[in-house]
Ligand code: FAD
Ligand code: DHB
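In the working numbering, the protein residues as written are -3 to 391.
Quick look at the structure:
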């Protein structure tokens, strides 16, 4: 088999890249380790920056998003039992769209297959070969008993998430990894209930962080800070609701609307960056190259902006014969990645409880929240990062 761009991974990065390349007349094949059903059902992110939602429109995959998703013009920070609103739209002219990542995946897969694009699901034993030559290859098989096949490419896009094989194919001496782990995780639930709030609530309480998000008029998403090594079996539904009520309580008696819990799981929190995001003809995009803690709602959005830069760089290579933009791919992406890392780290530090904090540090944290939400400049800095910073093509 031969194609121009071999794409590993059918997450937001890989699928958006295949659609953007097709729009620019470049052919690609996507190889995905999981089944179509599995990727279309995994519950993950929900917040699309304005630019991510706009790209859905540009690609013509926006119809279900516009029907099922919801534009939010503000978010709330809650602390000391009171809420303060951050008016995103008023401050930036932009909004975010609440639309579940697995719905985005369904839209992207359907659109790519409808174009006649190739996505091979459930591939096994994937490895990358000759990435430092002009003919890199992906070796894989379609099922455990099938013979190995080779996909020969001009370029390989490693969009295979944090645990995929792409990043590890880059020699250790040719990459630097920056890591920060946090002493907490997020317990996320889906509940069958009407929305508790019109806008998202990010709450810092003495008992730890809590987040009220939404999915639809019938299904809500909420998160609780838990210990990094906590086990979901320690969390009965009653304990989860009790904790959400206590953390989110306000002076005027606000309570979340409860319903049956449909799904619950714990995710770890880390910050991670691999630099550069390229080696030879292998280009990393999305979680394969960087992870952010979920507090800033940036992971999916960063994956999409990498795909945007890579699609443009590869298209220019075929159109003008110039690899100028390809050479700058990593620098352009990393500039935006580090700003998102900064914002996600800042939000995490400001909103969670840290057991090592002294009473002094706790008061500083609350004063920071008070300052940020009462200064127009403080509000604007949160708002412009939350709705998404621009891609800066000029490095
Ligand atoms: P992935 O979505 O991880 O896709 C990678 C794909 O590669 C997977 O389908 C995987 O099966 C496949 N793969 C792996 N190994 C191989 C292999 N060997 N061969 C072929 N394929 C392979 N981000 C936000 O922007 N906003 C949010 O609100 C938000 N909330 C989140 C909440 C939770 C609970 C979690 C867990 C994450 C959240 N994120 C959020 C982060 C976001 O989900 C990820 O950053 C995003 O999925 C990254 O996209 P990706 O395409 O880079 O990688
Ligand atoms: C959601 C996830 C996030 O990480 C976040 O910051 C806000 C909302 C969500 O899944 O809805």
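We put the beta carbon where it would ideally sit given N, CA and C, even for glycine. This structure is a prediction, so every number in the text was calculated from the model and none was measured.
Just list the residues that DSSP pairs residue i with in beta bridges.
{"i": "residue 125", "result": "133"}
{"i": "residue 286", "result": "269"}
{"i": "residue 260", "result": "185"}
{"i": "residue 26", "result": "3 and 115"}
{"i": "residue 279", "result": "153 and 274"}
{"i": "residue -2", "result": "148"}
From residue i to residue j, what distance separates their C-alpha atoms?
{"i": "residue 263", "j": "residue 316", "result": "44 Å"}
{"i": "residue 212", "j": "residue 192", "result": "11 Å"}
{"i": "residue 99", "j": "residue 49", "result": "13 Å"}
{"i": "residue 20", "j": "residue 187", "result": "41 Å"}
{"i": "residue 348", "j": "residue 96", "result": "24 Å"}
{"i": "residue 393", "j": "residue 89", "result": "Past the boundaries of the shown model lies residue 393; the chain is included only from -3 to 391, so the question cannot be answered."}
{"i": "residue 180", "j": "residue 326", "result": "30 Å"}
{"i": "residue 296", "j": "residue 94", "result": "12 Å"}
{"i": "residue 169", "j": "residue 125", "result": "18 Å"}
{"i": "residue 199", "j": "residue 75", "result": "6 Å"}
{"i": "residue 379", "j": "residue 138", "result": "45 Å"}
{"i": "residue 172", "j": "residue 389", "result": "23 Å"}
{"i": "residue 86", "j": "residue 261", "result": "35 Å"}
{"i": "residue 5", "j": "residue 280", "result": "11 Å"}
{"i": "residue 392", "j": "residue 215", "result": "One cannot answer for residue 392 here, as it falls past the ends of the chain, which runs -3 to 391."}
{"i": "residue 392", "j": "residue 51", "result": "For residue 392 there is no data in the structure shown, the boundaries of the chain being -3 and 391."}
{"i": "residue 305", "j": "residue 152", "result": "15 Å"}
{"i": "residue 63", "j": "residue 244", "result": "30 Å"}
{"i": "residue 391", "j": "residue 320", "result": "12 Å"}
{"i": "residue 369", "j": "residue 330", "result": "29 Å"}
{"i": "residue 165", "j": "residue 382", "result": "33 Å"}
{"i": "residue 267", "j": "residue 105", "result": "29 Å"}
{"i": "residue 318", "j": "residue 135", "result": "28 Å"}
{"i": "residue 42", "j": "residue 293", "result": "8 Å"}
{"i": "residue 114", "j": "residue 73", "result": "44 Å"}
Grab the span of the beta strand (DSSP E) containing residue i for me, first residue to last.
{"i": "residue 216", "result": "215 to 223"}
{"i": "residue 172", "result": "172 to 188"}
{"i": "residue 210", "result": "204 to 210"}
{"i": "residue 154", "result": "151 to 154"}
{"i": "residue 383", "result": "Per DSSP, residue 383 belongs to no beta strand (DSSP E); it is in the alpha helix (DSSP H), 372 to 383."}
{"i": "residue 3", "result": "1 to 4"}
{"i": "residue 145", "result": "145 to 148"}
{"i": "residue 114", "result": "114 to 116"}
{"i": "residue 31", "result": "Here residue 31 belongs to no beta strand (DSSP E), and DSSP marks it neither H nor E."}
{"i": "residue 201", "result": "197 to 201"}
Starting from residue i and walking both ways along the alpha helix (DSSP H), at which residues does that stretch end?
{"i": "residue 236", "result": "233 to 244"}
{"i": "residue 16", "result": "8 to 19"}
{"i": "residue 169", "result": "No alpha helix (DSSP H) holds residue 169; DSSP gives it neither H nor E."}
{"i": "residue 291", "result": "Looking at the DSSP string, residue 291 is not in any alpha helix (DSSP H), and its letter there is neither H nor E."}
{"i": "residue 40", "result": "Unbroken run through residue 40: none, as it is neither H nor E."}
{"i": "residue 229", "result": "Where residue 229 is concerned, there is no enclosing alpha helix (DSSP H), given that its DSSP letter is neither H nor E."}
{"i": "residue 162", "result": "162 to 165"}
Self-check item: Completely contained beta strand (DSSP E) runs for the segment 42 to 106, where each covers 3 or more residues
Solution: The segment 42 to 106 contains these whole beta strand (DSSP E) runs: 66 to 68, 71 to 75, 78 to 82 and 92 to 94.
Exercise. With a floor of 4 residues, list each alpha helix (DSSP H) that falls wholly inside the segment 313 to 363, ordered by position along the chain.
Key: Entirely contained in the segment 313 to 363, the alpha helix (DSSP H) runs reaching 4 residues are, in chain order, 320 to 347.
Exercise. Evaluate the contact criterion for the segment 285 to 292 versus the segment 358 to 372: three or more CB pairs, one atom per stretch, below 8 Å.
Key: No: the two stretches stay apart, fewer than three of their Cβ pairs being nearer than 8 Å.
Quiz item: Would the segment 197 to 210 and the segment 303 to 321 be scored as touching if the rule is three or more Cβ pairs under 8 Å?
Solution: Counting Cβ pairs under 8 Å, fewer than three are found: no touch.
Self-check item: the segment 165 to 180 / the segment 339 to 357 touching (three or more Cβ pairs under 8 Å)
Solution: Yes: the two stretches touch, three or more of their Cβ pairs being nearer than 8 Å.
Exercise. Check whether the segment 89 to 109 touches the segment 7 to 14, counting contact only when three or more Cβ pairs, one atom from each stretch, lie closer than 8 Å.
Key: Contact holds between the segment 89 to 109 and the segment 7 to 14, because three or more Cβ pairs, one in each stretch, are under 8 Å apart.
Quiz item: Looking at C-beta atoms only, is the number of pairs between the segment 43 to 62 and the segment 225 to 241 that lie closer than 8 Å three or more?
Solution: Judged by Cβ distances under 8 Å, the segment 43 to 62 makes no contact with the segment 225 to 241, as fewer than three pairs qualify.
Quiz item: Just checking, does the segment 76 to 92 make contact with the segment 237 to 250 on the three C-beta pairs under 8 Å criterion?
Solution: As far as the Cβ criterion goes, the segment 76 to 92 touches the segment 237 to 250, which means the pair count is three or higher.
Quiz item: Counting Cβ pairs closer than 8 Å, one from the segment 114 to 126 and one from the segment 25 to 32, do we hit at least three?
Solution: These segments touch.
Quiz item: Are the segment 121 to 141 and the segment 154 to 168 touching by the rule of at least three beta carbon pairs closer than 8 Å?
Solution: Counting Cβ pairs under 8 Å, three or more are found: they touch.
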